[in-house]
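*Asks:* According to mature numbering (1 follows the signal peptide of the UniProt record, and there is no 0), the stretch in the sequence shown is residues -20 to -1, 1 to 308, in order. All C-beta atoms in this analysis are idealised placements derived from N, C-alpha and C, irrespective of residue type, glycine included. Please read all numbers here as calculations on a predicted model, not as lab measurements.
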Amino acid sequence: MSLVLALPLVTALLASPVHANQAGVNLGGTWNAAGVMEAAGEMVGGGGWITVLSCELDKLTEHLRKAPNANIILRLYNGGSIFKQSDAPAFVNMLGKLDTGGRVIYVIPWNEPNYYSVECEGKSDCYSYVLQWTNALGSQLRAAGLRGTKVKLLSPALNQVGEKPGVLQSYQDFISNMPANYWQGFDGIALNVYSNGDPNSRDVSEIVGAMNAGGKEIFVVETGKMRPEGGIYYDNSTVADYLRKAYQAWPNVRAITPFSYDPDGGPHNFYLLASGCQDACQAIKSHISPTGYDPADTSAYKIPFETWQGSNCPEGSCQVSSQYCAGM
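1) DSSP has GLY8 in a bridge; who is on the other side?
2) Between the Cα of residue 310 and the Cα atoms of ALA50, TRP11 and ARG45, which residue gives the shortest distance?
3) Let me see if you follow: with CB-CB separation under 8 Å, is GLY189 close to chain D or not?
4) Please determine, among CYS35, ASP178 and GLU42, the residue with the shortest C-alpha to C-alpha distance to ASP67.
5) Taking its Cβ as the centre, do 16 or more other Cβ atoms sit within 10 Å of GLY118, making it buried, or is it exposed?
6) Does the distance from the C-beta atom of ILE53 to that of ALA235 stay below 8 Å?
7) Distance check for PHE71 and SER266, CA to CA, integer angstroms please.
8) Expressed to the nearest angstrom, what Euclidean distance is found between the alpha-carbon atoms of ASP259 and VAL147?
9) Alpha carbon to alpha carbon, what distance is there between GLN149 and LEU171?
10) Please work out which residues of its chain come closer than 6 Å, Cβ to Cβ, to MET74, disregarding the five sequence neighbours upstream and downstream, and give them in chain order.
11) Is it buried or exposed for ALA160, if we count other Cβ within 10 angstroms and need 16 for buried?
12) Provide the residue(s) that pair with ARG55 in DSSP beta bridges, ordered along the chain.
13) Determine the burial state of SER175: buried for a count of at least 16 other Cβ atoms within 10 Å of its Cβ, exposed for fewer.
14) Using the beta-carbon count (16 or more within 10 Å), is GLU99 buried or exposed?
15) Buried or exposed: GLY210, going by 16 or more other Cβ atoms within 10 Å of its Cβ?
16) Give the DSSP-derived three-state secondary structure of ALA13 in the structure shown.
17) Going by DSSP, what residues sit across from VAL200 in a beta bridge?
18) Which runs of the alpha helix (DSSP H) spanning at least 4 residues fall entirely within the segment 179 to 229, listed in chain order?
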């Protein structure tokens, strides 16, 4: 696919208003560890961003209360399995019941579907499953009165690293297999942006241009500097330097949430509870411009979620497939 960006689109992207508080952190599945959510909320400040992944959303409520002033980005978790359309009511039910403390919750429906060897059971045509799932989830959220009131549905978070045959489909090819207006149907664009060197504006503008998603809010939910030999740098000094440059390169991105640890199990992290908050943590704290969280509008809900169980779900159940929650 030839990637040619229209000048007005790029100009519009780069000229949009600077958002008040981009500061954020991605906790992955560590949000339920003692003290982590509190530390994250303190670090990102009011109106900052915390990204979490979860399957059993009912367990999130008590932890969300520990960071009451932060915006929450929720990556729906499936353990690498393909999301089933029949599970959409269960996820919508859990989102409806989730106590967000009056906040809108931003939902990523599928993480890195173009990384199909890991996130799509090895199916190179993952785009077809993604289309079915996001259409089902979006329509169920809308029917429940949650879409745009309590839940803002972000796009699937594509990985913008180049193609690796048998492992990773390029974002250009993934996008070319979706309907032309597909990305415009979301409340924002989620991206996983990894750079070979310093972050620059093209890291974001090129993929948003390929999506024809100009004007949409952008959320960089994973990011970092790639090692020449593969993998990502997670040592404090590299992460700190990268983040300072990312804030300058992407002034109009709504949220930037690097991992607080090495998700691949490496030794490096800028763990939130480290004494004195290390370099990368300080880079985030120094970028805080506190605001309020985005409020939810509960008046629009159409379904009494406390009575949904056993009445409005396929086969009388609102339980997500147990395979999704393995290891959580």
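*Replies:* Answer, in terms of the structure:
1) As a working mapping, residue 8 is identified with position 28 in the sequence shown. Looking at the DSSP assignment, GLY8 forms a beta bridge with VAL32.
2) Because residue 310 is not part of the residues shown, which for the chain are -20 to 308, the question remains open.
3) Of the protein chains in this structure there is only one, and it is not chain D.
4) Mapped onto the sequence shown, residue 67 falls at position 87. Of CYS35, ASP178 and GLU42, the residue nearest in Cα terms is CYS35.
5) Position 138 of the sequence shown, counting from 1, holds the residue named residue 118. Result: buried.
6) Translated into positions along the sequence shown, residue 53 becomes position 73. Translated into positions along the sequence shown, residue 235 becomes position 255. Cβ atoms of ILE53 and ALA235: closer than 8 Å.
7) Counting from one through the sequence shown, the residue named residue 266 turns up at place 286. Counting from one through the sequence shown, the residue named residue 71 turns up at place 91. Using only the alpha carbons, I get a separation of about 36 Å.
8) Residue mapping note: residue 259 aligns to position 279 of the sequence shown, counting from 1. Residue mapping note: residue 147 aligns to position 167 of the sequence shown, counting from 1. ASP259 and VAL147: Cα-Cα distance of roughly 34 Å.
9) As a first step, residue 171 must be located in the sequence shown, where it is residue number 191. As a first step, residue 149 must be located in the sequence shown, where it is residue number 169. Cα to Cα, the separation comes out at about 15 Å.
10) Reading the sequence shown from its first residue, position 94 is the one you call residue 74. Counting only Cβ-Cβ distances below 6 Å, and skipping sequence neighbours, we find LEU37.
11) By 1-based counting over the sequence shown, the position of residue 160 is 180. ALA160 should be labelled exposed.
12) Within the sequence shown, the letter at position 75 stands for residue 55. Listed as beta-bridge partners of ARG55 by DSSP are LEU33 and ILE88.
13) Locating residue 175 in the sequence shown gives position 195, counting from the first residue. That one is buried.
14) Position 119 of the sequence shown, counted from the first residue, corresponds to residue 99. Counting of Cβ neighbours within 10 angstroms places GLU99 among the buried residues, the total reaching 16 or more.
15) Locating residue 210 in the sequence shown gives position 230, counting from the first residue. Exposed is the call here.
16) On the sequence shown, position 33 is the one that residue 13 refers to. Three-state DSSP puts ALA13 in coil, outside helix and strand.
17) Within the sequence shown, numbered from 1, the residue matching residue 200 stands at position 220. LEU171 and ILE236.
18) 182 to 191 and 216 to 229
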